[in-house]
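Novice: Pasting a structure below so you can have a look.
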Amino acid sequence: MEENTMVTVLMATYRGKQYLEQQLDTILAQTVPVRILISDDGSDDGTREMLENYAGWYPEQVFLHHRTQHTGGAAGNFFWLMQEALKDEKNEYIFFSDQDDVWENNKVSVMLHRMKVLEKGLGKQCPILLYSDMEVVDEDLYEISPSFAAYTHQDPDRSSFAELLVENQVTGGASMINRALLTHCAMEPEICCMHDWWIALTASCFGVIEFMPRVLSKYRQHGDNVLGAKDAGSFGEMKARLGRGKEVEQNYRRMLNQGIAFGRRFWKNMDTAQRMTLRAFLALPYQSAAGRLKNIRYNRFYKNSALQTLAMCLTMPRAEKLRQPKNEQAAECENCEVKTAGQEQKA
Numbered sequence: 000m001e002e003n004t005m006v007t008v009l010m011a012t013y014r015g016k017q018y019l020e021q022q023l024d025t026i027l028a029q030t031v032p033v034r035i036l037i038s039d040d041g042s043d044d045g046t047r048e049m050l051e052n053y054a055g056w057y058p059e060q061v062f063l064h065h066r067t068q069h070t071g072g073a074a075g076n077f078f079w080l081m082q083e084a085l086k087d088e089k090n091e092y093i094f095f096s097d098q099d100d101v102w103e104n105n106k107v108s109v110m111l112h113r114m115k116v117l118e119k120g121l122g123k124q125c126p127i128l129l130y131s132d133m134e135v136v137d138e139d140l141y142e143i144s145p146s147f148a149a150y151t152h153q154d155p156d157r158s159s160f161a162e163l164l165v166e167n168q169v170t171g172g173a174s175m176i177n178r179a180l181l182t183h184c185a186m187e188p189e190i191c192c193m194h195d196w197w198i199a200l201t202a203s204c205f206g207v208i209e210f211m212p213r214v215l216s217k218y219r220q221h222g223d224n225v226l227g228a229k230d231a232g233s234f235g236e237m238k239a240r241l242g243r244g245k246e247v248e249q250n251y252r253r254m255l256n257q258g259i260a261f262g263r264r265f266w267k268n269m270d271t272a273q274r275m276t277l278r279a280f281l282a283l284p285y286q287s288a289a290g291r292l293k294n295i296r297y298n299r300f301y302k303n304s305a306l307q308t309l310a311m312c313l314t315m316p317r318a319e320k321l322r323q324p325k326n327e328q329a330a331e332c333e334n335c336e337v338k339t340a341g342q343e344q345k346a
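This is the structure in C-alpha cells:
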C-alpha cells in the first residue's frame, strides 16, 4: 500500500462489549495499517470503558469520539461518523465495521487493491462501493452458512437503482467506499431505512457497485443483532412476515419515504431515466394489484426472489394506509410530482 494512503474504519457502537474486543483485535491485526474512528451511542454496559482502553493502547490508530447527544440508532451514528471522516481530506478510503464480527487479516488489503484497480479504470472522481461476501456464524463462531449472500438469498447482480429502491443488497460491515462516494452520501437524510441501504442507492445512481464473492469476514448471528441474517427466501420466513401486518406497513412506509428523501436530496443531479424510475416507484401504493404488477415488471422493481416480489405486489398497503404519523411526516419530494405516501398523486 502507498504510504500516503489513508484507510479509515468507521465503527458505531452501542452496548457491544460482549464481542467488541474480538472485532477490534481483528481490525488492528490487518496486514495494512488502518485508523479506527469510533462513536459510541451512550452504552452503559462497559463498552465505552473498553473503547477508552483501546484508544489508550493504540493512540495512533483508535480514535474515540465522545458525544453528548445520542443518535438513537446505528444509522444516525454511522452518518455522524461519515461527516467526521469527510472533514479530513486524508480519509481516502472508508470501511464500515459492526461491533460483533470477525475480519480476516487480509480483508483491507484485498479490498483496497481491488478498489485501486477500479479507480485506475474509472477515475478517482467516480463514486465506488465495494463489498464482499461473509461467512455466517453463531455466537461461538461455528459456521451456519459459508456464504451470507447465499444464506439470505441475495443476488449481487441486482444492483440497479430500480432494484435497490425495493431491497438492499449491501451489508455495511462488508463494505468499503472511496472518498468520491463519501462526499455524496455523508450527510444524513431526512429518512432512511439504514445507512448501508442509502449508500448503495447513492452508488447505484451516481457511481459503481461491485461485489467480491470472496469471504473476508465472519458475520456473527446472535440475539442482539440490529439486523440479523435471515433465510429470507424461505416460505416459512415469508409466512412469518405476512403475519406481522403493522411491521410490514411500517417497513413499506420507510422504504417509500426513503425514496422521497432520496429525490429531495438528489433530484437535480439525477438524469431523466432515474427520475422516471423514482416516480414509478413512488406510484406503487396508489395502484391496484394489477397496475402494481405491471409497474413492477416494466421498471424491474424486483426483489431477490419471485416469491418476495409477488408478496410485495400483493401486500403493499394502499396509499391511504401508509399515512405518516404526525411525528414522522416526510416532506414533499422537491420537484418530484409524486408526494408522500398517503397524499394525492399529481401525475
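Numbering (numbering that gives the first Met the number 0), first residue to last: 0 to 346. Using N, Cα and C, we set each Cβ at its ideal position, and we do this for glycine too.
Per DSSP, T46 forms a beta bridge with which residues?
Specialist: Position 47 of the sequence shown holds residue 46. T46 pairs with nothing; no bridge assigned.
Novice: Nearest-angstrom Cα distance between E138 and Q22?
Specialist: In the sequence shown, residue 138 corresponds to position 139, counting from 1. In the sequence shown, residue 22 corresponds to position 23, counting from 1. Cα to Cα, E138 sits roughly 13 Å from Q22.
Novice: For V207, which residues in the same chain have their Cβ closer than 8 Å to its Cβ, ignoring the five residues on either side in sequence?
Specialist: Within the sequence shown, numbered from 1, the residue matching residue 207 stands at position 208. Correct list, in chain order: L117, L121, C125, P126, I127 and L128.
Novice: Rank E48, T276 and I26 by C-alpha distance to the C-alpha of P13 and give the top, closest one.
Specialist: Here residue 13 refers to the residue found at position 14 of the sequence shown. According to the sequence shown, residue 13 is Tyr rather than Pro. Minimum Cα distance to Y13 is reached at E48.
Novice: Per DSSP, N90 is paired with what?
Specialist: In the sequence shown, the residue the question calls residue 90 occupies position 91. The partner list for N90 (beta bridge, DSSP) is empty, contrary to what the question assumes.
Novice: Assuming the contact rule is C-beta atoms closer than 8 Å, Y18 and D132 should be a hit. Round their C-beta distance to whole Å, please.
Specialist: The count along the sequence shown starts at 1 and reaches residue 18 at position 19. The count along the sequence shown starts at 1 and reaches residue 132 at position 133. The pair is not a contact, with the Cβ atoms about 20 Å apart (cut-off 8 Å).
Novice: According to the Cβ coordinates, are A279 and N294 closer than 8 Å?
Specialist: Here residue 279 is taken as the residue at index 280 of the sequence shown, counted from 1. Here residue 294 is taken as the residue at index 295 of the sequence shown, counted from 1. Result yes, Cβ atoms of A279 and N294 sit closer than 8 Å.
Novice: Can you tell me which of R253, R274, E51 and E83 puts its alpha carbon nearest to the alpha carbon of M315?
Specialist: Stepping through the sequence shown from its first residue, residue 315 is reached at position 316. When only C-alpha atoms are compared, the closest one is R253.
Novice: Report all residues from its chain with a CB closer than 8 Å to the CB of G71; omit the five preceding and five following residues, and keep chain order.
Specialist: Along the sequence shown, read from residue 1 onward, the residue named residue 71 stands at position 72. Counting only Cβ-Cβ distances below 8 Å, and skipping sequence neighbours, we find D40.
Novice: Inspect the beta-carbon positions of P155 and R264 and report whether they are closer than 8 Å.
Specialist: Working through the sequence shown from its first residue, we reach residue 155 at position 156. Working through the sequence shown from its first residue, we reach residue 264 at position 265. Contact flag unset, no.
Novice: Determine whether the beta carbon atoms of S108 and T30 lie at a separation below 8 Å.
Specialist: Residue mapping note: residue 108 aligns to position 109 of the sequence shown, counting from 1. Residue mapping note: residue 30 aligns to position 31 of the sequence shown, counting from 1. Against a cut-off of 8 Å, the Cβ pair of T30 and S108 comes out as a contact.
Novice: How about G171 and H194: do their beta carbons lie closer than 8 Å?
Specialist: For the purposes of this step, residue 171 is identified with residue 172 of the sequence shown, where counting begins at 1. For the purposes of this step, residue 194 is identified with residue 195 of the sequence shown, where counting begins at 1. Yes.
Novice: Please name the residue in A305, G222, M175 and K267 whose C-alpha comes closest to that of C204.
Specialist: Along the sequence shown, one-based indexing puts residue 204 at 205. For the residues A305, G222, M175 and K267, the minimum Cα distance to C204 belongs to K267.
Novice: Whole-angstrom Cβ separation of A84 and L36, contact assumed at under 8 Å?
Specialist: Here residue 84 refers to the residue found at position 85 when the sequence shown is read from its first residue. Here residue 36 refers to the residue found at position 37 when the sequence shown is read from its first residue. Sure, about 6 Å apart at Cβ, within 8 Å.
Novice: Enumerate in chain order the residues of its own chain whose CB-to-CB distance from A54 is below 7 Å, with the five nearest sequence positions on each side excluded.
Specialist: The residue given as residue 54 occupies position 55 in the sequence shown. V61, F62 and L63.
Novice: Report yes if the C-beta distance between V6 and F94 is below 8 Å; otherwise report no.
Specialist: Residue numbering aside, residue 6 sits at position 7 when the sequence shown is read from its first letter. Residue numbering aside, residue 94 sits at position 95 when the sequence shown is read from its first letter. Yes. Within cutoff.
Novice: Between which two residues does the alpha helix (DSSP H) holding A148 run?
Specialist: Here residue 148 is taken as the residue at index 149 of the sequence shown, counted from 1. Element bounds for A148: F147 to Y150.
Novice: Do Q257 and C184 have their beta-carbon atoms positioned less than 8 Å apart in this structure?
Specialist: On the sequence shown, position 185 is the one that residue 184 refers to. On the sequence shown, position 258 is the one that residue 257 refers to. No. Outside cutoff.
Novice: Compare the C-alpha of N104 against each of L306, T25 and L277 and name the closest.
Specialist: Counting from 1 along the sequence shown, the entry for residue 104 is found at position 105. Residue T25 is the option with its Cα nearest to N104.
Novice: Here's the rule I'm using: 16 or more other beta-carbon atoms within 10 Å means buried, otherwise exposed. How should Q82 be labelled?
Specialist: Your numbering for residue 82 matches position 83 in the sequence shown. The residue is exposed, with fewer than 16 neighbouring Cβ atoms inside 10 Å.
Novice: Using 8 Å as the threshold, is the C-beta distance between N167 and A202 below it?
Specialist: Stepping through the sequence shown from its first residue, residue 167 is reached at position 168. Stepping through the sequence shown from its first residue, residue 202 is reached at position 203. No, they are not a contact pair.
Novice: Excluding the 5 residues preceding and the 5 following K16 in the sequence, name in chain order all residues of the same chain whose CB lies nearer than 7 Å to its CB.
Specialist: Counting from one through the sequence shown, the residue named residue 16 turns up at place 17. Counting only Cβ-Cβ distances below 7 Å, and skipping sequence neighbours, we find D44, G45, T46 and M49.
Novice: For R219, which of A305, A28 and S146 has the nearest alpha-carbon?
Specialist: The residue labelled residue 219 in the question sits at position 220 within the sequence shown. If we check each option's Cα against that of R219, S146 comes out closest.
Novice: Using only alpha-carbon positions, find the residue among H112, N177, E142 and C312 that is nearest to Q286.
Specialist: Mapped onto the sequence shown, residue 286 falls at position 287. Checking every option, the nearest Cα to that of Q286 belongs to C312.
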